[in-house]
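Note sheet for the following structure.
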Amino acid sequence: MQRTKDCIISLIAPIRSLSMELSRLSGFEEIKCSVRNVFPPPRVTWSTEPPTFHSLQPLTRKQLEGSGLYEVDSRLRTLGQKDLIYICTATSPYSDESWSASYRHRGEGDLRGSEGKDLTLPCFAPSYLNSQTLSWTFSNSDAPKHILTYSVQSGEAVSSQEWAGHVELDGLRVQFGDGSVRLMDPEEEHHTGMYSCVFSTQRSTHTETIEVTISGTDPSYWWVVGLIVAILVVAVVIMLVYLKIRGNCVTLDVYVDFVSVIFATQYCTHKGQNIKPHYYLFETHFTNSPC
């Protein structure tokens, strides 16, 4: 007698990664959270840190590929609040396994600097994330460029050759969630753009982006001020000589107003005898003094 047994085989393709990216469409920002090559499709939820009273309305799409595995995309329009962290969590329906990705954008044009002056680029991990690695990238009109990667386990930071002399990271601070870097000797042409930092663990990532604008050195106009002062001094000398020849007692006040400071010079002559000039310095106004 031949016996038969029924077997139930459960096919599970677990989550291997969870990606998050930001896009700008028609004047608003949208965050996309994506999972690839999974079965069954995970449940995707959104939250914010700190919590907000606004209702989050993500649009989630699940698509079955020819391989029999699912591709899941969930899109969420941002609320327009600065420094708000958006958290996407993907959870498998057959286990407690979950992956999370969070994102914070600090706003447009929120950090400005000048050429040649060091600038600190802030990056902080959420309190609930104990990161293992930190990476920085830069992009303007081209594809993102790798700046550096830091491993908490090894305590070493590896910078790309292009950025080796322009960024500095304090590895000790990274262990406490501070991944800020110092941008050294920045240049307007090469260092204006979008900077991204990513804290990573085995099943979680946190991304922060910040737009940086580096301005060129302003041209100096001190030579113009010096020229004006020189012309005024020459005019004063000519006037004093003229008054001395006439032998009159005259009070001559000369005002040069620059940066809310007025310089006044008074010179008196009486009967051909010079009286020592007096110089007055006032912050608001000058009052004539008698000879």
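For the sequence shown, counting from 1, position 116 maps to 116 in full-length UniProt numbering; every step adds exactly one. Ideal placement from N, C-alpha and C gives every residue a C-beta, glycine not left out.
Runs of beta strand (DSSP E) with 3 or more residues, each lying fully within the UniProt domain "Ig-like" (93-213), are found at 98-105, 111-114, 119-121, 133-139, 145-151, 156-159, 167-169, 181-183, 193-200, listed in chain order. Using a Cβ distance threshold of 7 Å, C123 and C88 do not count as a contacting pair. Contact between P126 and H54 does not hold, since the beta-carbon distance rounds to 19 Å and is not under 8 Å. The segment 21-46 contains, as complete beta strand (DSSP E) runs of 3+ residues, the segments 28-38 (chain order). Of L84, E49, F39, the smallest CA-CA separation from E71 is found for F39.
Separation of the CB atoms of H146 and L22 is rounded to 18 Å, and the pair is thereby denied contact status at 8 Å. Between L69 and the set V237, P14, C197, S154, the nearest pair of CA atoms involves P14. Between P51 and the set D170, V212, Q81, V233, the nearest pair of CA atoms involves Q81. Short of 8 Å from the beta carbon of S160, and not among the five residues preceding or following it, lie these beta carbons of its own chain, in chain order: K145, H146, I147, L148. Between L25 and G165, the alpha-carbon positions lie close to 36 Å from each other. One Cα belongs to F199, the other to G155, and the distance between them is close to 14 Å. Sequence-distant Cβ neighbours of D110 in its own chain, meaning closer than 7 Å and more than five residues away, are I210, E211. In terms of CA proximity to P41, D73 leads the group Q202, D73, T137. CA-to-CA, the gap between L84 and T48 works out to about 7 Å. Per DSSP, the continuous beta strand (DSSP E) segment holding I85 begins and ends at 85-91. Excluding residues up to 5 positions away in sequence, L119, L183, P186, V212, T213, I214, S215 lie with their Cβ nearer than 8 Å to the Cβ of G113 in the same chain.
Distance from the Cα of T91 is smallest, within the candidate group V236, L18, V181, for L18. Only residues of its own chain outside the window of five on either side were considered, and among them T192, G193, M194 have a CB closer than 8 Å to the CB of N140, listed in chain order. If you look at K5, you'll find it isn't in any beta strand (DSSP E); DSSP assigns it neither H nor E.
In the three-state DSSP reduction, L79 falls in the coil class, being neither helix nor strand. Going by DSSP, Q63 is part of the beta strand (DSSP E) stretching over 59-64. Put simply, of W163, E168, S135 the residue whose alpha carbon is nearest the alpha carbon of V152 is S135. Beta-bridge partners assigned by DSSP to A13: F39. CA-to-CA, the gap between V181 and G226 works out to about 41 Å. If you draw a straight line from the Cα of L76 to the Cα of P58, it is about 4 Å long.
Residue environment for A235: exposed (fewer than 16 other C-beta atoms within 10 angstroms of its C-beta).
Residue L79 holds the alpha-carbon nearest to the alpha-carbon of G27 among V35, K62, L79.
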